[in-house]
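Below is one structure, written out as structure tokens; comments come after it.
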Amino acid sequence: MSDQTQQATELTARQAWLLREIRAQGGRWKTGRARTAYSRALLGDVHVDRVRHDLQVLHKHGHLHQIDESGVRYYLLREDGDA
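Here this note's numbering is used: the first residue of the sequence shown is 70, the next is one more, and so on.
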């Protein structure tokens with residue numbers, strides 16, 4: 070099993086869904102965008118703390134880059150070969 074496959078199996082169903090959504094849409098992902106995506110997909114009103122946690126888990130598992138700028142944090146999809 071590859072590292073990426075193993076890491077993906079450690080995600081919750083909601084986190085795996087979010088990762089697929091980020092891969093499909095690309096761009097910058099902040100908590101509000103992820104929360105809106107959950108809502109539009111009828112996954113319910115996911116609490117902002119849970120959304121923030123999901124993005125952090127995807128970062129921790131190596132799927133996303135975490136970008137911290139003055140007063141804002143967002144995430145970008147990590148491409149194959151990114152350090």
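In this text, a Cβ means the ideal position worked out from N, Cα and C, and glycines have one as well. Here the structure is a predicted model, which is why all the values come from computation and not from measurement.
Query: Skipping 5 residues on each side, what residues in its chain have a beta carbon closer than 8 angstroms to that of V120?; Result: T100, A103, R104 and Y107
Query: For the candidate residues L112, E138, H130 and A82, whose alpha-carbon lies nearest to that of L146?; Result: H130
Query: Alpha helix (DSSP H) containing H128: first to last residue?; Result: V117 to K129
Query: Do you know how far the Cα of H122 is from the Cα of I91?; Result: 15 angstroms
Query: Does DSSP put R142 in a helix, in a strand, or in coil?; Result: strand
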